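In the working numbering, the protein residues as written are 24 to 223.
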């Protein structure tokens with residue numbers, strides 16, 4: 024067998040092709056100087072990008088504001104007097120496709136009124152390891168107790184820290200608000216709260 028022939032045996036049959044000692048261009052169809060200038064033309068795209076404005080965000084030193092309807096961390100809202108809007112109905116947990124929300128409702132008592140009406144959310148947890156930020160829980164909430172904020176910095180060092188409890192989710196107390204439990208505003212009923220008649 025000649026040195027310039029590449030062969031291999033397969034099932035007793037000889038398959039081979041003569042070895043080629045011809046010049047193979049770097050780019051098919053290009054010979055000579057064109058074989059070397061073609062790659063340089065490709066670098067022209069990279070070179071032109073050097074003069075375009077950068078879109079890199081210098082996070083976390085510079086934070087670009089999010090859009091108003093951004094789906095970020097959840098928040099449990101309060102009425103103007105400080106009572107919680109959550110009534111412990113668990114509709115948000117039922118609506119969640121990722122099973123990320125856990126709610127336990129309990130009854131209000133005359134001595135401990137956490138929300139207007141009969142019930143409140145005694146336990147409220149959102150597991151941000153499972154949450155997909157779809158917003159279906161927000162749509163399911165009948166009292167607008169649950170909304171989404173623009174906060175997106177949710178990373179943490181432990182898995183347990185990614186399960187937010189009720190205390191982590193409750194909106195901060197505003198001016199004139201009292202921390203629940205406390206009685207409803209004198210002379211008001213549940214419906215007054217839900218209609219927005221209570222101002223503080």
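For every residue, glycine included, the Cβ atom is placed at its ideal position computed from N, Cα and C.
Just so it is clear, the structure is predicted and the values come from calculations on it, not from any experiment.
- C-alpha of residue 98 to C-alpha of residue 136: approximately 20 Å in a straight line.
- Taking residue 104 as the centre and dropping the five residues before and after it, the same chain places the C-beta of 200, 201, 208, 221, 223 closer than 7 Å to its C-beta, in chain order.
- The Cβ-Cβ distance between residue 96 and residue 123 does not fall below 8 Å.
- DSSP places residue 186 in the strand class (E or B) of the three-state scheme.
- For residue 137, the secondary structure class from DSSP, reduced to helix, strand or coil, is coil.
- Rounded to whole angstroms, the Cβ separation of residue 108 and residue 138 is 7 Å, and the two are in contact under 8 Å.
- Listed as beta-bridge partners of residue 107 by DSSP are 101.
- Cβ contact annotation for residue 186 (same chain, cutoff 8 Å, sequence separation greater than five): 148, 149, 150, 151, 152, in chain order.
- For the stretch 166 to 221, the full-length alpha helix (DSSP H) segments reaching 4 residues or more read 189 to 192, 213 to 218 along the chain.
- When rounded, the separation of the alpha-carbon atoms in residue 62 and residue 93 is 43 Å.
- At the C-beta level, residue 159 and residue 118 come within 8 Å of one another.
- The three-state reading of DSSP puts residue 60 in helix, counting H, G and I together.
- Between residue 219 and residue 189 a beta carbon distance of about 23 Å is seen, past the 8 Å cut, so the two are scored as non-contacting.
- Beyond the five residues adjoining it in sequence on each side, residue 114 comes within less than 6 Å, by CB distance, of 163 in the same chain, given in chain order.
- With respect to the 8 Å criterion, residue 166 and residue 217 are classified as neighbours on the basis of their beta carbons.
- Non-local beta-carbon contacts of residue 146 in its own chain, meaning distances under 6 Å to residues more than five positions away in sequence, involve 127 in chain order.
- Shown here, residue 163 sits in a helix according to DSSP, grouped into three states.
- The criterion of a C-beta distance shorter than 8 Å is not satisfied by residue 191 and residue 140.
- In the structure shown, the three-state DSSP call for residue 87 is coil.
- Here residue 106 is buried, its C-beta having at least 16 other C-beta atoms within 10 Å.
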